[in-house]
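Heads up, the sequence shown is in UniProt numbering, so the first residue is 1 and it goes up one at a time. Glycine included, every Cβ here is placed at the ideal spot set by N, Cα and C.
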Amino acid sequence: MSTQTAESALSIVSGPPLDSEPGLGTLTLPGFLREVTEAYGEREAVVLRSEEGDTRWTYAELWERAVAVARSLRACGLDKGGRVGVLMTNRPEWIASVFGTSLAGGVAVTLSTFSTPSELDHMLQVSGVSVLLLERAVLKTDFAAVLAELEPEIAETSPGALRSTRYPFLRRLAAVGDTPVSGIDGWEDFLSLGDRVPRELVEATAAAVLPSDTAVLFFSSGSTSRPKGILSAHRGVSIQMWRFRRMFGFEPQDGVRCWTANGFFWSGNFGQALGATLAAGGSLVLQRVFSPSEALELMQAERVNFPVAWPHQWAQLEGAPEWGGADLSAMRFADRNTPISRHPTVTADWTEPGHAYGNTETFTITTCFPANTPPEVHAGSSGEPLPGVTVKVVDPLTGAVVPRGERGEICVKGPTLMLGYAGTPLDETLDAGGFFHTGDGGYLDADGRLYWEGRLTDIIKTGGANVSPLEVDEALAGHPGVKVAKTVGVPHETLGEEVVSCVVPHDGADLGAEGLRAFLRESLASYKVPRRVLFFTGEELPLTGSAKIKSSELRELVTARLEA
């Protein structure tokens with residue numbers, strides 16, 4: 001268990017020293033890729049199936065593709081610390097671009113393909129990328145056209161000649177797919193730029209990268225505000241990639257084959273899906289855009305044994321017509337609490353390291369229990385501090401550390417903590433002790449386990465009591481007819497706030513508000529049971545690009561419905 005750094009009565013606890021953590025390898029992205037390439041060279045690293053033909057890269061080929069991108073970036077004038085935007089779905093070129101940027105000594109800026117034009121405009125201005133590598137079209141979005149509309153100069157110049165006052169650092173763009181916009185290089189033309197850069201130069205720049213150097217700039221998903229650019233060092237990113245392999249318990253002989261429904265441009269998916277798989281010598285089975293039917297076919301054909309998805313995606317998979325007839329017998333690392341573990345062909349009995357807490361600011365997990373931790377150990381918590389991590393819970397108004405068991409704001413520091421937000425001095429982000437104040441509410445128990453209860457702004461204050469919407473949502477999730485649940489507080493004349501649960505039923509489920517309230521009374525105190533239950537379709541819920549429900553917009557929607 002964790003070691004305490006203050007009196008046991010206070011809510012501050014540290015994990016063991018970082019140098020005691022087993023399984024860590026080289027702590028730079030170039031070093032990580034080199035190490036896994038040397039260990040697993042001819043193993044299959046990446047698979048993308050398509051009508052045009054399958055793409056299958058070994059680890060050795062992934063290394064070579066990353067080197068090719070790095071040579072081209074150096075030919076474009078990228079120097080140490082230069083920023084490269086990567087705007088693509090999960091495809092081989094995304095992986096080669098991010099690692100290639102690191103091999104060239106640059107900073108990879110990962111951009112969500114769910115971004116609206118205004119969000120993309122904001123992120124390009126904040127990040128200051130000098131090269132933008134993009135996928136021409138994703139579903140109905142033509143990113144070349146979007147970019148040319150944001151900055152008309154892109155369509156009016158030749159490749160490499162851009163001089164933009166809107167994006168003053170941006171010099172070159174290259175795209176996978178057709179590129180009718182004159183100022184954007186085709187992918188092969190971009191790669192050919194590297195022919196004049198000696199391979200030895202890239203090898204030297206890769207070797208010169210330090211763990212303390214900036215590696216990536218990921219953006220928050222923007223559920224409460226505009227996306228923030230979060231800078232992370234090579235050490236932090238690499239620790240989490242090696243660490244996720246350890247937390248999942250993967251070994252090279254397991255033959256991990258990972259499919260994920262989520263973009264690598266989100267840090268959690270980068271760490272646990274991409275990082276854990278490559279660290280264990282596994283294979284990434286890529287799907288560019290989530291489609292339940294296509295995903296089931298892909299998992300069957302590629303013998304996927306490690307699936308990664310969000311709850312709403314599991315619900316879509318289970319509801320797909322192909323669900324019952326799919327052969328998913330290869331599944332081994334399928335959490336017993338997800339629908340896939342209940343599939344008739346799946347016999348796996350496994351629990352993922354889901355008792356965890358983290359943020360993009362810490363490049364994901366800071367507290368966690370490893371896979372298959374017994375319930376009596378995790379006790380329904382969000383984990384205990386990982387090596388090198390210190391967690392404290394403070395009064396959000398005074399900043400004073402609160403007693404164990406008392407609720408407050410979760411604050412963290414450790415070796416994976418961000419270098420800062422783009423454009424914001426670090427001393428405006430961390431407190432005097434170097435802690436990041438997360439804005440999340442929770443508490444530490446007597447054994448040093450953290451319990452996360454949601455955003456402090458989401459905690460519902462009703463009749464003088466605090467209600468965690470997360471606790472209500474978890475109880476609702478236990479009802480077989482509930483597909484999605486989100487609980488919010490809305491203004492009430494006498495209670496202060498009224499607890500309202502918003503529910504999306506499973507197809508065919510016959511749900512009623514009073515029936516669900518009766519179900520909740522079996523496990524929740526009376527003041528936590530929602531006074532109102534409202535039913536929605538999945539399309540009615542306001543979502544961010546990373547499929548998080550926007551609480552503020554949902555409150556407005558609920559308030560309007562109740563008033564009506």
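By the three-class DSSP mapping on this structure, what secondary structure does L278 have? Walking along the sequence shown from the start, residue 278 turns up at place 278. L278 falls in the helix class under three-state DSSP.
Of the residues G194, T37, S164, L48, which one's Cα is nearest the Cα of C76? Counting from one through the sequence shown, the residue named residue 76 turns up at place 76. When only C-alpha atoms are compared, the closest one is G194.
May I have the straight-line CA-CA distance separating G31 from E38, to the nearest angstrom? Translated into the one-based positions of the sequence shown, residue 31 becomes position 31. Translated into the one-based positions of the sequence shown, residue 38 becomes position 38. Their backbone Cα atoms lie some 10 Å apart in a straight line.
Hey, quick one: how far does the beta strand (DSSP E) through L492 stretch, first residue to last? Mapped onto the sequence shown, residue 492 falls at position 492. The sequence given here places His at residue 492; Leu does not occur at that position. Counting along the chain, the beta strand (DSSP E) containing H492 begins and ends at 482-492.
Quick one: grab the DSSP three-state call for Y527. Here residue 527 refers to the residue found at position 527 when the sequence shown is read from its first residue. Correct three-state label for Y527: helix.
Where S223 sits in the DSSP three-state scheme: As a first step, residue 223 must be located in the sequence shown, where it is residue number 223. Low confidence applies here, because S223 scores a pLDDT of 46, under 50, leaving its location unreliable and the question unanswered by this model.
Could you tell me whether the Cβ atoms of P292 and A320 are closer together than 9 Å? Translated into positions along the sequence shown, residue 292 becomes position 292. Translated into positions along the sequence shown, residue 320 becomes position 320. Yes; because the gap between Cβ atoms is below 9 Å, this pair is in contact.
Between which two residues does the alpha helix (DSSP H) containing S559 stretch? As a position in the sequence shown, residue 559 is number 559, starting the count at 1. For the record, residue 559 in the displayed sequence is Thr; it is not Ser. Note, T559: alpha helix (DSSP H), 551-563.
Could you tell me how far apart the beta carbons of R246 and P22 are, in whole angstroms, since I believe they sit closer than 8 Å? As a working note, residue 246 is residue 246 in the sequence shown. As a working note, residue 22 is residue 22 in the sequence shown. Correct: roughly 7 Å between the Cβ atoms.
Can you check which of these residues, G128, G177, V181, L139, is closest to E149 by C-alpha distance? Along the sequence shown, read from residue 1 onward, the residue named residue 149 stands at position 149. E149 has its Cα closest to that of V181, out of G128, G177, V181, L139.
Could you pull the DSSP bridge partners for V36 from this structure? Within the sequence shown, the letter at position 36 stands for residue 36. Paired residues: none, contrary to the question.
Does the pairing of the region 428-443 with the region 451-468 give three or more beta-carbon distances under 8 Å? yes
If you scan the region 24-73 from start to end, which runs of the alpha helix (DSSP H) of 4 or more residues do you find wholly inside it? 29-40
Per DSSP, what kind of secondary structure is A9 in: helix, strand or coil? Stepping through the sequence shown from its first residue, residue 9 is reached at position 9. DSSP places A9 in coil when its eight states are reduced to three.
Note down the Cα distance separating P227 from A215, rounded to an integer number of angstroms. As a working note, residue 227 is residue 227 in the sequence shown. As a working note, residue 215 is residue 215 in the sequence shown. Going from the Cα of P227 to the Cα of A215 covers about 19 Å.
Roughly how many angstroms lie between the CA atoms of A513 and R532, to the nearest whole one? Numbered from its first residue, the sequence shown carries residue 513 at position 513. Numbered from its first residue, the sequence shown carries residue 532 at position 532. Looking at the two C-alpha atoms, the distance is approximately 7 Å.
Helix or strand or just coil, what does DSSP make of F143? Mapped onto the sequence shown, residue 143 falls at position 143. Reduced to three states, the DSSP call for F143 is helix.
State the DSSP-derived secondary structure class of F218, mapped to helix, strand or coil. Taking the sequence shown and counting its residues from 1, the one referred to as residue 218 is at position 218. F218 falls in the strand class under three-state DSSP.
Bridge partner(s) assigned by DSSP for F436: Stepping through the sequence shown from its first residue, residue 436 is reached at position 436. Answer is V412, L430.
Measuring alpha carbon to alpha carbon, tell me which residue in D121, G177, T89 is nearest E52. Here residue 52 is taken as the residue at index 52 of the sequence shown, counted from 1. The option with the nearest alpha carbon to E52 is G177.
Answer with buried or exposed for G61, where buried requires no fewer than 16 other C-beta atoms within 10 angstroms of its C-beta. Reading the sequence shown from its first residue, position 61 is the one you call residue 61. In the sequence under discussion, the amino acid at residue 61 is Glu, which differs from the Gly named in the question. Result: buried.
In whole angstroms, what is the alpha-carbon distance linking W63 and M418? Counting from one through the sequence shown, the residue named residue 63 turns up at place 63. Counting from one through the sequence shown, the residue named residue 418 turns up at place 418. Distance between the alpha carbons of W63 and M418: 27 Å.
Is the beta carbon of E376 less than 9 Å from the beta carbon of V13? Residue numbering aside, residue 376 sits at position 376 when the sequence shown is read from its first letter. Residue numbering aside, residue 13 sits at position 13 when the sequence shown is read from its first letter. No, the Cβ-Cβ distance between E376 and V13 is not below 9 Å.
For A315, the nearest candidate out of P505, T416, L29 (CA to CA): Here residue 315 is taken as the residue at index 315 of the sequence shown, counted from 1. It is P505.
Is it a yes or a no for the region 248-264 touching the region 289-309, going by three-plus beta-carbon pairs under 8 Å? yes
Quick check: what's the CA-CA separation for H122 versus D254? In the sequence shown, the residue the question calls residue 122 occupies position 122. In the sequence shown, the residue the question calls residue 254 occupies position 254. Their backbone Cα atoms lie some 42 Å apart in a straight line.
My understanding is that T351 touches R336, with C-beta atoms under 8 Å, so please give their C-beta distance in whole angstroms. Taking the sequence shown and counting its residues from 1, the one referred to as residue 351 is at position 351. Taking the sequence shown and counting its residues from 1, the one referred to as residue 336 is at position 336. Right, their Cβ atoms sit about 6 Å apart.
Kindly indicate which three-state DSSP category G15 falls into: helix, strand or coil? Here the question's residue 15 lines up with position 15 in the sequence shown. In this structure, G15 counts as coil in the three-state DSSP scheme.
Would a C-beta distance cut-off of 9 Å place L103 and I239 closer than the cut-off? For the purposes of this step, residue 103 is identified with residue 103 of the sequence shown, where counting begins at 1. For the purposes of this step, residue 239 is identified with residue 239 of the sequence shown, where counting begins at 1. No, these two residues do not count as a Cβ contact at 9 Å.
Residues bridged to W266 (per DSSP): For the purposes of this step, residue 266 is identified with residue 266 of the sequence shown, where counting begins at 1. Paired residues: none, contrary to the question.
Between which two residues does the alpha helix (DSSP H) carrying V472 extend? The residue labelled residue 472 in the question sits at position 472 within the sequence shown. Counting along the chain, the alpha helix (DSSP H) containing V472 begins and ends at 469-477.
State the CB to CB distance for the pair V488 and P469, rounded to an integer number of angstroms; the pair is presumed to be in contact (CB under 8 Å). For this step, residue 488 is matched to residue 488 along the sequence shown. For this step, residue 469 is matched to residue 469 along the sequence shown. Right, the Cβ-Cβ distance comes to about 6 Å (below 8 Å), so this counts as a contact.
Check the C-beta distance from P370 over to P353 and give it rounded, since I have them as a contact under 8 Å. Translated into positions along the sequence shown, residue 370 becomes position 370. Translated into positions along the sequence shown, residue 353 becomes position 353. That belief holds up - the Cβ atoms of P370 and P353 are roughly 5 Å apart, short of 8 Å.
May I ask you to report which of helix, strand or coil DSSP gives W323? Looking up residue 323 in the sequence shown gives position 323. W323: coil per DSSP, three-state reduction.
Three-state secondary structure (DSSP) at M1? Position 1 of the sequence shown, counting from 1, holds the residue named residue 1. Interpretation of M1 is limited by its pLDDT of 47, a score under 50 that renders its predicted location unreliable; no figure is taken from the coordinates.
Spatial distance of G496 from D473 (CA atoms): The sequence position of residue 496 within the sequence shown is 496, counting from 1. The sequence position of residue 473 within the sequence shown is 473, counting from 1. Those two C-alpha atoms are separated by around 21 Å.
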